[in-house]
Amino acid sequence: MWRIRLARELPRYLLQGLAIAGLLASARFAIDPPKPGIVRAGPPSSALVDRAGEGFASLFARRYLTWDSRDPEAHRLAIVPYLGSWMEAEAGLQPPANGEQQVQWAQVVQADSISAGERVYTVAAQTDSDGLLYLAVNVVRDPDGSLSLGGYPALVGPPDPVRAASPSHLQTVEDAALATVVTRALRNYLAGAESELDADMAVGAHFSLPETPLQLEVLNSLNWSAYGRSVVAVVHAHDRRGTQYMLGYGLDVISVAGRWEVSAIQMNADG
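For the sequence shown, my numbering gives the first residue as 1213, with consecutive numbering after it.
Okay, structure coming up:
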């Protein structure tokens, strides 16, 4: 009988217990309401984007690629604020005797972090004369927060370019054979001569030819990068109208059976 009575009364007891528990909980919240917890979130992904660095690179590209032969002083003054003491005037760019070029728009299309304070930005710049150009701009954020160029810019193909690093703290390449290969490879790369370029490229090499052909005049300097598996070349080149450029390129190089080959030009293959 007691089992029958318990089964019959149990639901009523449970319902009363739940009601009492609810009243007690309500009273506790009224007397001592719970305090909101502190949520510690990681930095938003946008914090990894250096908008100031992007703006610096974009504005430099716009001023660098805009010139008018009738007013050469305007280009010089526009570039002066960006130049380091070790760089040539106007970052080595010498507009031709005739003509002009205007940048219609410029936008950062890729950013690669080289170190905590150094990035290379690839800027797509639409010009009224040479069409769409890609300029790799190495930007350094100094300890005081200011921004500066870390090396000469590089006219490159569509991303994924990496860096044209500053040669100021790098070791000079003494190997004449390597210098010959790099010079020949860059001459063919800038000219868009892919079939000739293949002769100096390693199997599976990474490169993207510039949109506008250039003619290499001279290799100014060749240094080992900090990684030791790539070199940084600074060259003089000119375009079909005679515009003079000082450009910096990073090349990954490997020795195959005693012969130097290039495994990447201005691309992130070296890691």
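Each residue gets a CB set at the ideal place from its N, CA and C atoms; glycine is no exception.
Values in this document were obtained by computation on a predicted structure and should not be read as measured data.
For residue i, which three-state DSSP category applies?
i, result
"T1392", "helix"
"E1330", "strand"
"Y1294", "helix"
"L1289", "helix"
"G1462", "strand"
"Q1421", "Correcting the residue identity first, residue 1421 is Leu in this sequence and not Gln. Correct three-state label for L1421: coil."
"A1337", "strand"
"E1312", "strand"
Are the beta-carbon atoms of residue i and residue j separated by less than 8 Å?
i, j, result
"T1339", "A1348", "no"
"A1303", "Y1346", "no"
"Q1322", "P1371", "yes"
"N1432", "L1382", "no"
"H1448", "M1458", "yes"
"S1420", "G1369", "yes"
"N1397", "D1412", "Checking the sequence shown, residue 1397 turns out to be Ala, not Asn. The answer is yes: Cβ separation under 8 Å."
"V1320", "S1270", "yes"
"V1352", "G1343", "no"
"A1403", "L1426", "yes"
"A1301", "A1318", "no"
"Q1478", "G1462", "yes"
"W1279", "H1287", "yes"
"G1296", "S1341", "no"
"G1460", "V1474", "no"
"V1443", "V1385", "yes"
"L1485", "W1472", "Nothing in the structure corresponds to residue 1485, since the chain is present only between 1213 and 1483."
Buried or exposed: which applies to residue i, given that a residue is buried once 16 or more other Cβ atoms fall within 10 Å of its Cβ?
i, result
"A1476", "buried"
"P1307", "buried"
"S1437", "buried"
"D1464", "buried"
"G1440", "exposed"
"N1310", "exposed"
"V1292", "exposed"
"D1328", "According to the sequence displayed, residue 1328 carries Ala and not Asp. The residue in question, A1328, is exposed, as its Cβ has fewer than 16 Cβ neighbours within 10 Å."
"L1289", "exposed"
"P1422", "buried"
"R1263", "exposed"
"P1394", "The sequence as given places Val at residue 1394; Pro does not occur at that position. Buried, since its Cβ has 16 or more Cβ neighbours within 10 Å."
Residue i lies in the alpha helix (DSSP H); which residues open and close that run?
i, result
"G1267", "R1263 to Y1276"
"S1433", "No alpha helix (DSSP H) contains S1433, which is instead part of the beta strand (DSSP E) from Q1427 to W1436."
"E1408", "E1406 to L1409"
Confirm the yes/no value for this check: CB of residue i, any heavy atom of the ligand NAP, distance under 7 Å.
i, result
"A1309", "In terms of ligand content, the structure shown is empty, and the ligand NAP therefore cannot be addressed."
Within the continuous beta strand (DSSP E) that includes residue i, where are the two ends?
i, result
"P1443", "Before going on, a small fix: residue 1443 reads as Val here, not Pro. That run of the beta strand (DSSP E) goes S1442 to H1450."
"A1417", "M1413 to H1418"
"A1476", "R1471 to I1477"
"Y1346", "G1343 to R1353"
"A1366", "A1366 to V1368"
"S1360", "L1359 to L1361"
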